[in-house]
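K.L.:
Got a structure for you, written out below as structure tokens; questions coming shortly.
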Amino acid sequence: MGRQKVFMDKMMQMFHIRNLLMRQALAECLGTLILVMFGCGAVAQLVLSEGSHGMFLTVNFAFGFAATLGILVCGQVSGGHLNPAVTFALCILGREPWKKFPVYFIFQTVGAFLGSGIIFGMYFDALWEYRKGSLIVLGENATAGIFATYPSKHLSLVNGFFDQVIGTAALIVCILAIVDPYNNPIPRGLEAFTVGFVVLVIGLSMGFNSGYAVNPARDLGPRIFTSLVGWGSEVFTASYTIL
Numbered sequence: 026m027g028r029q030k031v032f033m034d035k036m037m038q039m040f041h042i043r044n045l046l047m048r049q050a051l052a053e054c055l056g057t058l059i060l061v062m063f064g065c066g067a068v069a070q071l072v073l074s075e076g077s078h079g080m081f082l083t084v085n086f087a088f089g090f091a092a093t094l095g096i097l098v099c100g101q102v103s104g105g106h107l108n109p110a111v112t113f114a115l116c117i118l119g120r121e122p123w124k125k126f127p128v129y130f131i132f133q134t135v136g137a138f139l140g141s142g143i144i145f146g147m148y149f150d151a152l153w154e155y156r157k158g159s160l161i162v163l164g165e166n167a168t169a170g171i172f173a174t175y176p177s178k179h180l181s182l183v184n185g186f187f188d189q190v191i192g193t194a195a196l197i198v199c200i201l202a203i204v205d206p207y208n209n210p211i212p213r214g215l216e217a218f219t220v221g222f223v224v225l226v227i228g229l230s231m232g233f234n235s236g237y238a239v240n241p242a243r244d245l246g247p248r249i250f251t252s253l254v255g256w257g258s259e260v261f262t263a264s265y266t267i268l
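For the sequence shown, counting from 1, position 34 maps to 59 in the numbering used here; every step adds exactly one.
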């Protein structure tokens with residue numbers, strides 16, 4: 026037992042990252058990976074099983090609990106932002122230094138990229154079985170929406186912009202209220218669950234138009250991933266309407 030402890034202490038010293046910002050950034054990467062892995066995993070089950078292993082409600086619950094779990098995993102180290110919009114808002118308010126924003130944004134996006142990669146690998150055979158392996162971005166047989174968000178047929182560019190602004194603003198306002206020490210205090214340890222509840226409510230009320238990304242990293246990382254593994258550059262340009 027003593028030798029095992031000595032060995033573990035040596036390993037911890039060897040892999041210990043002394044730079045605080047880098048530790049925080051890696052924590053954000055892991056937390057965002059968890060968010061995307063569980064959330065997109067629920068979407069994959071719904072789409073690839075053609076509804077037999079999921080529904081819109083289960084996807085919303087998955088993203089809500091995924092946000093909670095991601096915050097619990099990294100919150101003690103990095104604050105558990107998981108979202109560049111959250112980091113940006115905290116920087117504007119002076120609660121975080123601006124040097125964190127680009128670093129967090131990059132690592133959150135990398136985490137989302139890796140999370141989507143895990144789901145792609147896990148459901149690789151199912152993706153190829155589904156519609157003869159056609160990797161389609163939009164339409165009845167589309168699978169790109171498993172990983173990133175895309176507009177519904179009825180959604181115009183202006184309405185889509187408004188949709189994302191309102192959804193993201195609602196998320197930020199609620200999170201700021203949750204973490205505000207001068208507001209009605211949330212019992213310590215329950216902040217992550219409350220944020221997950223906020224994500225769930227946004228999904229249930231604002232998810233119809235375009236899937237409530239409300240998180241640039243959660244959408245950009247998987248979008249880059251899908252462009253590289255077969256869906257192509259259409260993932261950045263596909264839309265139904267212009268105005």
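The beta carbon of each residue, even a glycine, is placed where N, CA and C say it ideally should be.
Tell me whether the beta-carbon of V98 lies closer than 8 Å to the beta-carbon of G56.
P.N.:
Result yes, Cβ atoms of V98 and G56 sit closer than 8 Å.
K.L.:
Closer than 6 Å by C-beta to L253: which residues in its own chain qualify, once you throw out the five before and the five after it? Chain order, please.
P.N.:
Cβ within range, chain order: n/a, list empty.
K.L.:
Round the Cβ separation of F250 and F149 to the nearest angstrom and send it over; I've been treating them as touching at under 8 Å.
P.N.:
13 Å between Cβ atoms; not a contact.
K.L.:
Pull up the distance between the alpha-carbon of N184 and that of K178, whole angstroms please.
P.N.:
Taking the straight line from one Cα to the other gives about 12 Å.
K.L.:
In its own chain, which residues sit with a C-beta less than 8 Å from the C-beta of F126, not counting the 5 before and 5 after it?
P.N.:
Closer than 8 Å at Cβ, skipping near neighbours: P109, T112, F113, C116.
K.L.:
To the nearest angstrom, how far is it from the Cα of K157 to the Cα of L73?
P.N.:
Those two C-alpha atoms are separated by around 12 Å.
K.L.:
Assign M62 to one of two classes, buried (16 or more other C-beta atoms within 10 Å of its C-beta) or exposed (fewer than that).
P.N.:
By the 10 Å Cβ count, M62 comes out buried.
K.L.:
If you count every other CB in all the chains shown that lies within 10 Å of the CB of P212, and 16 or more means buried, which is it?
P.N.:
Burial call: exposed.
K.L.:
Return the CA-CA distance between K124 and L245, expressed in angstroms with no decimal places.
P.N.:
Each residue's Cα considered, the two are about 21 Å apart.
K.L.:
Where do the N-terminal and C-terminal ends of the alpha helix (DSSP H) with P247 fall, by residue?
P.N.:
Residues 241-254.
K.L.:
Could you check what DSSP says for I211 in three-state terms: helix, strand or coil?
P.N.:
Coil at I211, not helix or strand.
K.L.:
So, helix, strand or coil for H205, using DSSP?
P.N.:
At residue 205 the sequence reads Asp, which differs from the His that was named. It is coil, neither helix nor strand.
K.L.:
Relative to the C-alpha of G192, which candidate in G119, G228, M147 has its C-alpha closest?
P.N.:
Closest by alpha carbon: G228.
K.L.:
Kindly list the residues whose CB is nearer than 6 Å to the CB of G95, restricted to its own chain and excluding five residues on each side of it in sequence; keep chain order.
P.N.:
Counting only Cβ-Cβ distances below 6 Å, and skipping sequence neighbours, we find G56, I59, L60, L107.
K.L.:
Rounding to the nearest angstrom, what Cα-Cα distance links P122 and V239 in this structure?
P.N.:
Their Cα atoms are separated by approximately 22 Å.
K.L.:
Please return the same chain residues whose Cβ sits closer than 6 Å to the Cβ of F172, not counting the five positions on each side in sequence.
P.N.:
Closer than 6 Å at Cβ, skipping near neighbours: C65, S141, P247, T251.
K.L.:
State yes or no: is the C-beta of A87 within less than 8 Å of the C-beta of V220?
P.N.:
Not closer than 8 Å, so no.
K.L.:
How is the alpha helix (DSSP H) around P122 delimited, first residue to last?
P.N.:
Taken as a continuous stretch (DSSP letters only), P122 belongs to no alpha helix (DSSP H), as it is neither H nor E.
K.L.:
From which residue to which residue does the alpha helix (DSSP H) around L97 run?
P.N.:
Residues 81-103.
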